[in-house]
Amino acid sequence: TPGDSHANHVAKEFTRLYYHILNDNPEYLHQFYGQSSSVTVSETQEDGSNLTVRADTLDLIKALTLRMFAEVRVTLTNCTPQTSLGGSIQLMVSGVMHQKNCDEERLFTQALLLAKQDQGYYVLNDTVHVHSRSSSWKVLNFRGEESAQETTAEVTKDVPTPPQELEAQKETTEETQEITEPTSPIKA
879 TPGDSHANHV AKEFTRLYYH ILNDNPEYLH QFYGQSSSVT VSETQEDGSN
929 LTVRADTLDL IKALTLRMFA EVRVTLTNCT PQTSLGGSIQ LMVSGVMHQK
979 NCDEERLFTQ ALLLAKQDQG YYVLNDTVHV HSRSSSWKVL NFRGEESAQE
1029 TTAEVTKDVP TPPQELEAQK ETTEETQEIT EPTSPIKA
C-alpha cells in the first residue's frame, strides 16, 4: 500500500542517517530529538534485573546518548516500520552494539516513534533495551569512572518477577545524577 511504501522509505533513510551519526558522531545524535522527546534505555544485568535510565529533556537526551554511544559501534540486523497515528512512523530495530576498543558486544532492540513535523520527522519516543550477555561490559555504567562532565539521568533498577508473583513485586529504587550541557535541536 502507499502508506507502507512511504513508511519503508522513511525507515530506510532515517536508519541510514541516524546510525551513521550514532557510529561516527554521537555528539550530534541529540539533534534527531525535539522538545517533547523522551528516551528510555534498559539493560539486563547479569543477575536478571533491569537497570533503566530515562531522559525527557534535550539536555538529558544529549548526555545519555553521548554517554551510551561514544565508545560503541552499532550494526543493524533488522528494521521494521509501521505507519502510526497522525502520519507518525513506528520503527522496531534490532542489532548488535560493539564496544570500540575490545571484542565485547551486546544485542539490542530499539523502538522509535518518528513524529511528523513541517519538514520531515523527529524522534518523539525512543526505547532501547540492551540484552544480557555473559560479559563484563555494562552499557549503562553510571557507577563507573565519571567523565569530566557530570551526567544526569533517572536511574531505576527493577528486579523481574515471575507472572505468578507480580502482586509481590518490589518498588523500584531511583538515583539521580546532574546534567549541565545545553543543546539546540536540529531535526532530521
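Going by our numbering, the first residue of the sequence shown is number 879, and it counts up by one from there.
Ideal Cβ positions, reconstructed from N, Cα and C, are used throughout, including at glycine.
Source: prediction; values computed, not measured.
| field | Chain-order list of residues whose beta-carbon lies under 6 Å from that of residue 885 (same chain, five-residue window excluded) | value | The beta carbon of residue 885 sits closer than 6 Å to those of 959, 961, 967, all from its chain and outside the five residues before and after it, given in chain order.
| Environment of residue 957 [buried if 16+ CB atoms lie within 10 Å] | Answer is buried; the Cβ neighbour count reaches 16.
| field | Span of the alpha helix (DSSP H), counted from its first residue to its last, around residue 994 | value | Segment 983-995 is the beta strand (DSSP E) holding residue 994; no alpha helix (DSSP H) there.
| Is it a yes or a no for the segment 911-925 touching the segment 963-981, going by three-plus beta-carbon pairs under 8 Å? | Segments in contact, no.
| Cβ-based burial, residue 948 [other Cβ within 10 Å; buried from 16] | Label assigned to residue 948: exposed.
| query | Which residue comes first and which comes last in the beta strand (DSSP E) that contains residue 937? | reply | First-last for residue 937: 936-947, but that is the alpha helix (DSSP H), not the beta strand (DSSP E).
| request: Look at the Cβ atom of residue 969, then the Cβ atom of residue 990, and state whether they are nearer than 8 Å. | output: Yes, the Cβ-Cβ distance between residue 969 and residue 990 is below 8 Å.
| request: Name the residue from 901, 939, 928, 937 whose alpha carbon lies nearest to the alpha carbon of residue 1010. | output: Of the candidates 901, 939, 928, 937, the one whose C-alpha sits nearest the C-alpha of residue 1010 is 928.
| Do you know whose CA, among 1000, 984, 940, 892, lies nearest residue 924's CA? | Looking only at 1000, 984, 940, 892, the smallest Cα-Cα distance to residue 924 is reached by 984.
| task | Using three-state DSSP, classify residue 965 as helix, strand or coil. | result | Residue 965 carries a helical assignment under DSSP once its states are collapsed to helix, strand and coil.
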